[in-house]
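At position 144 of the sequence shown (counting the first as 1) the number is 144 in UniProt numbering, and the numbers step up by one without a gap. In what follows, a single structure is set out as structure tokens and then discussed.
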Amino acid sequence: MKSNYSSYISISKKININKTMQYIMVRGDINNPILLFLHGGPGIPYSPIAHEFQKNIEKSFLVVNWDQRGAGKSYNSSIAVNTMNLDQFILDTKEVVDYLIKEYNKNKIFMAAQSMGTVYGLMTVYKYPDKFYGYIGSGQMIDTYKSEKLSYDFILNKAKVLNNIEAVEELLEIGNPPYDNLIEDIGKERKWLNILGYIERNSNYFKMLTDNCSEEEIDIIMKGQEVSIKHLFTDIYKKNIDFNKTIKKIKVPTYFCMGRYDYVTPQIIVQQYCDKLIAPRKRCIWFEESAHFPEIEEPNKYYNTLINILGDTFN
Numbered sequence: 001m002k003s004n005y006s007s008y009i010s011i012s013k014k015i016n017i018n019k020t021m022q023y024i025m026v027r028g029d030i031n032n033p034i035l036l037f038l039h040g041g042p043g044i045p046y047s048p049i050a051h052e053f054q055k056n057i058e059k060s061f062l063v064v065n066w067d068q069r070g071a072g073k074s075y076n077s078s079i080a081v082n083t084m085n086l087d088q089f090i091l092d093t094k095e096v097v098d099y100l101i102k103e104y105n106k107n108k109i110f111m112a113a114q115s116m117g118t119v120y121g122l123m124t125v126y127k128y129p130d131k132f133y134g135y136i137g138s139g140q141m142i143d144t145y146k147s148e149k150l151s152y153d154f155i156l157n158k159a160k161v162l163n164n165i166e167a168v169e170e171l172l173e174i175g176n177p178p179y180d181n182l183i184e185d186i187g188k189e190r191k192w193l194n195i196l197g198y199i200e201r202n203s204n205y206f207k208m209l210t211d212n213c214s215e216e217e218i219d220i221i222m223k224g225q226e227v228s229i230k231h232l233f234t235d236i237y238k239k240n241i242d243f244n245k246t247i248k249k250i251k252v253p254t255y256f257c258m259g260r261y262d263y264v265t266p267q268i269i270v271q272q273y274c275d276k277l278i279a280p281r282k283r284c285i286w287f288e289e290s291a292h293f294p295e296i297e298e299p300n301k302y303y304n305t306l307i308n309i310l311g312d313t314f315n
């Protein structure tokens, strides 16, 4: 499916999603199938940097970037923090999908979720399969406890091999997950994942952000991220998500884009899950030069993957 200039749209606006005004950016040909991106973080929107990796995608999809509740341009200092939880985000996701289907006269859409977004993304697709042509997860979360344990063991061992005394000491200080001080301790573990190249390999999200946003915009994004981490992140982790137990079968074609260097969500766990998952179609696609953000780190391969998924769906 190719873009027709006369039917190309570029829209940025806020819509009412479950009694809160939330921001969406819609770009592409209205005749093409919708691809909804669910950003991760939590609270780290893709809309400010979408043009960095979505230009080609807009030729074949009507691409929607949604700043989720409390994030980016959907941030509001008076947001009810008791709504920043997993159940509410599933409801919000479903509401956004319903809006897009109605607004653009579609039968179904594709969903592409990243990191934390893959939790409520996969759960929404599982709960409402008739609304989706396919699900594409990158940095997919499957089993939060097992993932954190494997991530911690990996980076501690890597630090020892590199004789990075500072990293070893700090990692030993926080100890094995589950962490006593979740946000503080996981932040320290993620710091060393990032420094040693196991969050981003060939990209720098925050550099892209500073290149594309004003100081005021970045300040709002940081405030949204802080609220999202404090409430949504904590809620999800306390629920001990394990899709091996809760989503063994899904009625929607399911694809996982897996960064070889991703140790935020170690992808061997995703591979093992995919092997057992019952779905109409399923596929694991390895991105050999990527860590946690294959869609940004290898955008051409990611685009080609989406084109192949289009072929699977409509041919």
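Ideal Cβ placement from N, Cα and C applies to all residues, glycine included. Model, not experiment: these values are computed from the prediction.
For residue i, the three-state DSSP class (helix, strand or coil)
i: residue 83; result: helix
i: residue 62; result: strand
i: residue 264; result: coil
i: residue 284; result: strand
i: residue 152; result: helix
i: residue 74; result: helix
i: residue 142; result: coil
i: residue 12; result: strand
i: residue 121; result: helix
i: residue 199; result: coil
i: residue 129; result: helix
i: residue 178; result: coil
i: residue 46; result: coil
i: residue 157; result: helix
Beta-carbon proximity list for residue i, same chain, < 8 Å, skipping 5 on both sides
i: residue 128; result: 94 and 97
i: residue 300; result: 56
i: residue 53; result: 295, 296, 299 and 302
i: residue 235; result: 84, 85 and 86
i: residue 316; result: Any answer about residue 316 is impossible in this case: the structure gives the chain only from 1 up to 315.
i: residue 79; result: 20, 69, 70 and 227
i: residue 159; result: 167, 168, 171, 192 and 196
i: residue 183; result: 229, 230, 233 and 234
DSSP bridge partner residues for residue i (one or two, in chain order)
i: residue 135; result: 111 and 254
i: residue 38; result: 66 and 113
i: residue 17; result: 20
i: residue 278; result: 249
i: residue 290; result: DSSP lists no partner for residue 290.
i: residue 6; result: For residue 6, which the question treats as bridged, DSSP gives no partner whatsoever.
i: residue 259; result: 287
i: residue 242; result: 143
Own chain partners of residue i with C-beta closer than 7 Å, once the 5 adjacent residues on each side are dropped
i: residue 228; result: 41, 42, 43, 70, 71 and 84
i: residue 289; result: 201, 202, 297 and 298
i: residue 7; result: 29, 30 and 31
i: residue 263; result: 151, 154, 155, 193 and 198
i: residue 75; result: 220, 223 and 224
i: residue 273; result: 142, 243 and 244
i: residue 237; result: 144 and 182
i: residue 312; result: 253 and 281
Contacting residues, own chain, Cβ-Cβ under 6 Å from residue i (five flanking each side not counted)
i: residue 231; result: 81 and 84
i: residue 118; result: 137, 140 and 141
i: residue 279; result: 250 and 254
i: residue 233; result: 42
Terminal residues of the alpha helix (DSSP H) in which residue i lies
i: residue 235; result: 234–238
i: residue 54; result: Per DSSP, residue 54 belongs to no alpha helix (DSSP H) and is neither H nor E.
i: residue 301; result: 299–314
i: residue 162; result: From DSSP, residue 162 is part of no alpha helix (DSSP H); its letter is neither H nor E.
i: residue 212; result: 205–212
i: residue 106; result: Careful: residue 106 lies outside any alpha helix (DSSP H) and carries neither H nor E.
i: residue 224; result: 215–228
Any non-hydrogen atom of the ligand NAD closer than 7 Å to residue i Cβ
i: residue 133; result: As presented, the structure is devoid of all ligands, the ligand NAD included, so that no description of it is given.
Where the beta strand (DSSP E) through residue i begins and ends
i: residue 190; result: No beta strand (DSSP E) contains residue 190, which is instead part of the alpha helix (DSSP H) from 182–195.
i: residue 29; result: 20–29
Between the stretch 239–250 and the stretch 88–95, are three or more C-beta pairs nearer than 8 Å?
-> no
Report yes or no: do three or more beta-carbon pairs, one from the stretch 134–144 and one from the stretch 60–77, lie closer than 8 Å?
-> no
Any 3 or more C-beta pairs closer than 8 Å across the stretch 185–203 and the stretch 281–296 = yes
If we count Cβ pairs, one from each stretch, closer than 8 Å, do we get three or more for the stretch 185–195 versus the stretch 164–175?
-> yes
Do three or more CB pairs link the stretch 174–184 to the stretch 143–152 at distances below 8 Å?
-> yes
Is the stretch 245–254 close to the stretch 116–127, with three or more CB pairs under 8 Å?
-> yes
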